[in-house]
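Enquirer: This structure is in structure tokens; I'll ask about it shortly.
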Amino acid sequence: MRKPVALSIAIAALCSCAWGAEPSPKLDELRKERREVDKEIRKAVPNPNDRDPQLAKLQEASLEALRAYEKAINDHPALQAIKKEMETATSKLTTAVASGDMNARETAKQELSVIMNRRSELAAKEPDLQALMKANNDAGAAYFAKRKELLASWPETKANAAKLEELNARIQEELRKQR
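In this note's numbering, the protein residues as written are 2 to 180.
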């Protein structure tokens, strides 16, 4: 069950400039610090879903909603042209990462970011995708809210959960400054 989440995290990491954020040293440092705190939380509680059945159910519901939304986007007739653009951009990024060429990687990340943003904007305009998008967002929000609540309540993760919350707020503030 963790593979789709890990894949999503890996994609987000590769596309760290997605959603319009320009890389900045301060933002990079905050994200690095957040990864370290998150690593400490994972050491303390490797799989929070094992400790809370409701969290596991929320994660599964979130993954199902994500799969349904992604399938609908991938199959939607109005989004086929952008799907091909994403495939091409993803292939360029994969090639750039494999080659180790950092300039090509950054260029490919930027290109993919722009295409992903455009795809999201186009999908949001399609009435038949709007309900799936909302269900996906709501399911993900429910899972992360419950996870955040649990991590803040468990003694072995409480302090790091507070640090994570503070880092996330600082990251959001830095992103707002960049807009």
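Backbone N, C-alpha and C define an ideal beta-carbon position, used for all residues, glycine too.
What you are looking at is a predicted structure, and each value in this text was computed from that prediction instead of being measured.
Measuring straight from C-alpha to C-alpha, what distance separates residue 21 and residue 76?
Expert: For residue 21, the pLDDT reaches just 48, beneath the cut-off of 50, and the residue's location in the model is therefore unreliable, leaving the point undetermined.
Enquirer: Which residue marks the beginning of the alpha helix (DSSP H) containing residue 115, and which one marks its end?
Expert: Start and end: 103 to 126.
Enquirer: Taking DSSP as the reference, what is the three-state secondary structure of residue 53?
Expert: Three-state DSSP puts residue 53 in coil, outside helix and strand.
Enquirer: In angstroms with no decimal places, state the Cα-to-Cα distance between residue 73 and residue 130.
Expert: Straight-line Cα distance between these residues: approximately 7 Å.
Enquirer: Residue 53 and residue 151 look like a contact to me (Cβ under 8 Å); what is the Cβ gap, rounded to whole Å?
Expert: With 8 Å as the limit, residue 53 and residue 151 qualify as a contact, their Cβ atoms being about 6 Å apart.
Enquirer: Determine the direct distance from the alpha carbon of residue 83 to that of residue 98, and round the result to whole angstroms.
Expert: Computed Cα separation, rounded: 22 Å.
Enquirer: So which of 102, 137, 88, 127 has the shortest CA-CA distance to residue 114?
Expert: Of the listed residues, the one whose Cα sits closest to residue 114 is 88.
Enquirer: Using a Cβ-Cβ cut-off of 7 Å, state whether residue 79 counts as contacting chain B.
Expert: Chain labels in this structure do not include chain B; a single protein chain is all it has.
Enquirer: Any chance the region 51 to 71 sits against the region 147 to 162, with 3 or more Cβ pairs inside 8 Å?
Expert: As far as the Cβ criterion goes, the region 51 to 71 touches the region 147 to 162, which means the pair count is three or higher.
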